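Chains as they are written, first to last, in the working numbering: chain A, 84 to 410; chain B, 84 to 410.
Ideal Cβ positions, reconstructed from N, Cα and C, are used throughout, including at glycine.
A quick note: this is a predicted structure, and the numbers were derived from the prediction, not measured.
Read the structure below first, then the notes.
Protein chains: 2
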Amino acid sequence: MIRIGIMGYGNLGRGVECALKQNDDMELSAVFTRRNPDDVKILTAGVGVYSADEAAQHTDEVDVLIICGGSATDLPEQTPKYAALFNVVDSFDTHARIPEHFENVDAAAKAAGTTAVISSGWDPGMFSLNRLYSESILPAGKTYTFWGRGVSQGHSDAVRRIDGVIDARQYTIPVDEALEAVRSGREPELSTRDKHTRLVYVVAEEGADKARITGEIVTMKNYFDEYDTTVEFIDAETMARDHSGIPHGGFVIRSGRTGREEENTHIAEYKLRLDSNPEFTSGVLVATARGAYRMAQAGSSGAKTLFDIPPAMLSPESPEELRRTIL
Amino acid sequence: MIRIGIMGYGNLGRGVECALKQNDDMELSAVFTRRNPDDVKILTAGVGVYSADEAAQHTDEVDVLIICGGSATDLPEQTPKYAALFNVVDSFDTHARIPEHFENVDAAAKAAGTTAVISSGWDPGMFSLNRLYSESILPAGKTYTFWGRGVSQGHSDAVRRIDGVIDARQYTIPVDEALEAVRSGREPELSTRDKHTRLVYVVAEEGADKARITGEIVTMKNYFDEYDTTVEFIDAETMARDHSGIPHGGFVIRSGRTGREEENTHIAEYKLRLDSNPEFTSGVLVATARGAYRMAQAGSSGAKTLFDIPPAMLSPESPEELRRTIL
Numbered sequence: 084m085i086r087i088g089i090m091g092y093g094n095l096g097r098g099v100e101c102a103l104k105q106n107d108d109m110e111l112s113a114v115f116t117r118r119n120p121d122d123v124k125i126l127t128a129g130v131g132v133y134s135a136d137e138a139a140q141h142t143d144e145v146d147v148l149i150i151c152g153g154s155a156t157d158l159p160e161q162t163p164k165y166a167a168l169f170n171v172v173d174s175f176d177t178h179a180r181i182p183e184h185f186e187n188v189d190a191a192a193k194a195a196g197t198t199a200v201i202s203s204g205w206d207p208g209m210f211s212l213n214r215l216y217s218e219s220i221l222p223a224g225k226t227y228t229f230w231g232r233g234v235s236q237g238h239s240d241a242v243r244r245i246d247g248v249i250d251a252r253q254y255t256i257p258v259d260e261a262l263e264a265v266r267s268g269r270e271p272e273l274s275t276r277d278k279h280t281r282l283v284y285v286v287a288e289e290g291a292d293k294a295r296i297t298g299e300i301v302t303m304k305n306y307f308d309e310y311d312t313t314v315e316f317i318d319a320e321t322m323a324r325d326h327s328g329i330p331h332g333g334f335v336i337r338s339g340r341t342g343r344e345e346e347n348t349h350i351a352e353y354k355l356r357l358d359s360n361p362e363f364t365s366g367v368l369v370a371t372a373r374g375a376y377r378m379a380q381a382g383s384s385g386a387k388t389l390f391d392i393p394p395a396m397l398s399p400e401s402p403e404e405l406r407r408t409i410l
Numbered sequence: 084m085i086r087i088g089i090m091g092y093g094n095l096g097r098g099v100e101c102a103l104k105q106n107d108d109m110e111l112s113a114v115f116t117r118r119n120p121d122d123v124k125i126l127t128a129g130v131g132v133y134s135a136d137e138a139a140q141h142t143d144e145v146d147v148l149i150i151c152g153g154s155a156t157d158l159p160e161q162t163p164k165y166a167a168l169f170n171v172v173d174s175f176d177t178h179a180r181i182p183e184h185f186e187n188v189d190a191a192a193k194a195a196g197t198t199a200v201i202s203s204g205w206d207p208g209m210f211s212l213n214r215l216y217s218e219s220i221l222p223a224g225k226t227y228t229f230w231g232r233g234v235s236q237g238h239s240d241a242v243r244r245i246d247g248v249i250d251a252r253q254y255t256i257p258v259d260e261a262l263e264a265v266r267s268g269r270e271p272e273l274s275t276r277d278k279h280t281r282l283v284y285v286v287a288e289e290g291a292d293k294a295r296i297t298g299e300i301v302t303m304k305n306y307f308d309e310y311d312t313t314v315e316f317i318d319a320e321t322m323a324r325d326h327s328g329i330p331h332g333g334f335v336i337r338s339g340r341t342g343r344e345e346e347n348t349h350i351a352e353y354k355l356r357l358d359s360n361p362e363f364t365s366g367v368l369v370a371t372a373r374g375a376y377r378m379a380q381a382g383s384s385g386a387k388t389l390f391d392i393p394p395a396m397l398s399p400e401s402p403e404e405l406r407r408t409i410l
């Protein structure tokens with residue numbers, strides 16, 4: 084049994100807890116929280132909930148710690164800190180800061196002799212793997228990533244900060260025509276506006292100026308100004324009924340050319356449609372934790388990503404069984 | 084520069100030669116053939132063509148030998164034989180015999196201290212990787228593999244052996260309704276007949292009994308009897324004009340459930356659409372050869388599959404560059 088600790092018990096931590104129940108070779112052994120542990124009720128009977136401050140006292144109970152904090156402020160601090168104590172896995176997803184995060188985590192993990200896998204999830208994660216494989220096997224071509232249809236928490240939060248907005252939910256939607264153009268193999272140049280639209284559902288305060296709210300949304304720098312954005316006002320009841328889920332997904336499409344004159348075209352498309360963004364991410368984190376454990380058992384240390392882990396190490400099955408059944 | 088040898092110069096060997104031109108860190112260093120080398124004209128200037136019997140005299144010129152023979156009779160004999168001399172890669176695709184082939188190749192490679200990667204291509208290969216990743220991250224669910232639309236050489240050859248048939252081309256076609264049922268997340272049970280249909284184009288001898296030919300095709304055991312098969316008779320000109328390519332492709336779809344009551348559904352779909360089956364396979368073989376070279380450099384020996392190779396080893400880019408650009 085691989086004993087898994089969870090650091091941070093929000094959507095992601097709960098998702099990891101549920102995912103562990105689906106993996107017979109792994110078990111939850113501890114949950115750490117920055118809240119008062121007495122206030123945190125978990126689903127798994129008999130597992131201790133401890134203060135994050137006490138993590139160092141529980142290193143003997145945990146083979147791999149899955150760090151379920153946010154990328155903006157939690158993980159840059161938490162992952163190096165806990166990599167000094169445990170083998171760890173995180174889902175750090177601020178793409179531009181991955182090299183810096185990797186260096187920080189690598190230094191801590193190497194010093195401690197632990198294995199620390201960063202940026203595991205679906206993007207970065209499964210999407211990254213698909214980009215890597217398809218660019219390696221089709222070096223002449225172009226790769227496209229589309230996100231959605233799905234809820235962007237960051238964009239939803241940005242709209243909620245607008246005066247007169249009670250609640251908001253933002254969907255990122257890939258443009259069908261752009262997807263079809265990519266699948267044609269013509270390797271189109273696509274602008275930000277070409278690839279995605281944004282759809283925002285808003286619950287406004289009574290008497291709020293909807294035209295002003297709409298204007299503030301569609302012109303918001305970095306969030307909406309480069310997109311065609313649709314704003315729809317709905318009531319709180321409709322929001323609760325139709326938009327309480329956290330679906331997401333997207334596409335990685337590689338269009339490549341081969342042959343003597345590069346006359347043949349190949350399209351490799353990877354598509355995710357996820358009912359629950361955090362639960363799918365949790366599934367990737369748990370499989371990655373198995374890989375981290377095996378890498379550590381094999382004597383590795385330092386920071387790693389899914390790019391560094393032999394795929395077989397993510398599976399509970401033996402290499403023989405994998406070759407016999409799914410190769 | 085990684086120096087690549089090609090064993091066998093047919094569709095696959097030519098595909099590998101073309102693919103090498105797209106990879107700046109690799110070069111073709113030798114081609115081996117069972118034909119008279121003087122009769123084999125290759126595309127790359129300055130590269131020697133040698134008899135397969137002389138391969139042992141050229142081990143110093145080749146870092147990895149890509150074996151481009153057929154799975155039925157060539158590879159079971161060739162891959163162990165040449166793994167005793169070179170690091171090798173093959174595309175052995177007889178799924179049921181992979182364990183036996185792996186054992187034979189492993190013994191030869193371990194004795195010689197070489198690295199031998201077997202069963203690299205798209206199925207087995209990219210499809211296998213997708214099955215492995217998606218089953219590891221979504222352990223509760225069901226995986227479906229569909230092939231096509233594409234040409235099956237084996238089925239085309241079987242039809243050509245029927246009396247009165249001059250030429251034939253068989254397309255395997257996935258059934259749209261079955262694909263949609265899988266994508267719905269309902270995890271349907273699908274029979275062989277539900278998943279694929281077969282379409283056969285036949286050029287018949289003048290005066291041949293078309294009803295008899297059709298009957299022999301649709302009832303042919305192991306090839307057609309479990310499928311709904313359509314037979315169309317065309318003339319030789321139409322065959323040459325419309326059916327000279329070797330397209331293929333297919334789908335690997337994992338439908339998985341997560342959450343406290345497994346109430347959330349996730350669909351991970353990988354889809355290939357290939358203008359040229361052998362050229363795409365060649366692209367996978369060449370990237371795998373890079374991985375074999377790096378595994379060997381890192382001190383590994385014995386038989387491997389894509390399941391054992393850290394993905395980063397397939398790419399010409401450095402790990403730092405990969406983290407910075409595509410993670």
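Test: residue i CB closer than 9 Å to a CB of chain B
| i | result |
| --- | --- |
| Cys151/A | no |
| Gly98/A | yes |
| Phe185/A | yes |
| Pro399/A | yes |
| Pro207/A | yes |
| Leu357/A | yes |
| Tyr216/A | yes |
| Ala166/A | no |
| His178/A | yes |
Cα-Cα separation, residue i to residue j
| i | j | result |
| --- | --- | --- |
| Gly374/B | Arg244/A | 49 Å |
| Ile392/A | Gly204/A | 14 Å |
| Asp250/B | Glu315/B | 12 Å |
| Leu168/A | Asp136/B | 57 Å |
| Glu263/A | Ala199/A | 39 Å |
| Glu400/A | Ala155/B | 28 Å |
| Ala241/B | Thr162/A | 59 Å |
| Val285/B | Ile300/B | 10 Å |
| Thr111/B | Gly98/B | The question names Thr, yet the displayed sequence has Leu at residue 111/B. Going from the Cα of Leu111/B to the Cα of Gly98/B covers about 12 Å. |
| Val231/A | Ile256/B | Here residue 231/A is Gly; the residue named in the question, Val, does not match the sequence. Their backbone Cα atoms lie some 29 Å apart in a straight line. |
| Gly247/A | Asp157/A | 30 Å |
| Gly237/A | Glu160/B | 58 Å |
| Thr297/A | Met322/A | 17 Å |
| Thr312/B | Arg180/B | 28 Å |
| Glu345/B | Leu410/B | 29 Å |
| Tyr92/B | Ile125/B | 8 Å |
Chain B residues whose Cβ lies nearer than 8 Å to that of residue i
| i | result |
| --- | --- |
| Asp240/A | Near Asp240/A there are no residues of chain B at all, since even the closest Cβ is about 22 Å away, more than 8 Å. |
Under 7 Å from the C-beta of residue i: neighbouring residues of chain B
| i | result |
| --- | --- |
| Thr388/A | Arg406 and Leu410 |
| Ser202/A | Leu410 |
| Ala370/A | Ser219 and Ile220 |
Chain-ordered chain A contacts of residue i [CB-CB under 7 Å]
| i | result |
| --- | --- |
| Ile87/B | Chain A residues near Ile87/B: none, gap ~14 Å exceeds 7 Å. |
| Gly110/B | It should be pointed out that residue 110/B corresponds to Glu in this sequence rather than to Gly. Here the premise fails: no neighbours, minimum Cβ distance about 14 Å. |
| Ala223/B | Gln105 |
| Ala102/B | Thr341 |
heavy atom of the ligand GTP below 8 Å from residue i C-beta
| i | result |
| --- | --- |
| Glu362/A | Questions concerning the ligand GTP fall outside what the structure shown contains, since it holds no ligand whatsoever. |
Neighbour flag for residue i against chain A, beta carbons, 9 Å
| i | result |
| --- | --- |
| Pro271/B | no |
| Thr226/B | yes |
| Arg252/B | no |
| Leu126/B | yes |
| Tyr353/B | yes |
| Tyr310/B | no |
| Pro402/B | yes |
| Arg493/B | Nothing in the structure corresponds to residue 493/B, since chain B is present only between 84 and 410. |
Under 9 Å by beta carbon: chain A residues contacting residue i
| i | result |
| --- | --- |
| Glu362/B | Thr341, Gly342, Asn347 and His349 |
| Ile392/B | Pro393 and Pro394 |
| Gly190/B | This sequence places Ala at residue 190/B; Gly is not what is there. In chain order: nothing, as chain A lies at least about 15 Å away. |
Neighbour list for residue i in chain B, Cβ cutoff strictly below 9 Å
| i | result |
| --- | --- |
| Ile51/A | This structure does not reach residue 51/A, given that chain A is present from 84 up to 410, and the question cannot be answered. |
Residue i: contacting residues in chain A (beta-carbon distance under 8 Å)
| i | result |
| --- | --- |
| Val367/B | Ile220 |
Contact list for residue i against chain C, beta-carbon separation under 7 Å
| i | result |
| --- | --- |
| Ser211/B | Included in the structure are the protein chains A and B, with no chain C among them. |
#### Entry: the stretch 353-360 of chain A / the stretch 346-365 of chain B touching (three or more Cβ pairs under 8 Å)
With a cut-off of 8 Å, the stretch 346-365 of chain B and the stretch 353-360 of chain A count as touching, because enough Cβ pairs lie within range.
### Query
Do the stretch 108-118 of chain B and the stretch 141-157 of chain B meet, that is, are 3 or more Cβ pairs less than 8 Å apart?
A contact between stretches requires three or more CB pairs, one per stretch, nearer than 8 Å, and the stretch 108-118 of chain B meets this requirement with the stretch 141-157 of chain B.
#### Entry: Three or more C-beta pairs below 8 Å linking the stretch 356-364 of chain A and the stretch 97-110 of chain A
The answer is yes - the stretch 97-110 of chain A touches the stretch 356-364 of chain A, with three or more Cβ pairs under 8 Å.
### Task
Take every Cβ of the stretch 325-345 of chain B, pair it with every Cβ of the stretch 181-192 of chain B, and state whether three or more of those distances are shorter than 8 Å.
With the cut-off at 8 Å, the stretch 325-345 of chain B and the stretch 181-192 of chain B do not touch.
### Message
Closer than 9 Å between beta carbons: that is the criterion. Which residues of the stretch 276-293 of chain B meet it against chain A?
### Response
For the stretch 276-293 of chain B, the set of positions with a beta-carbon nearer than 9 Å to some beta-carbon of chain A is empty.
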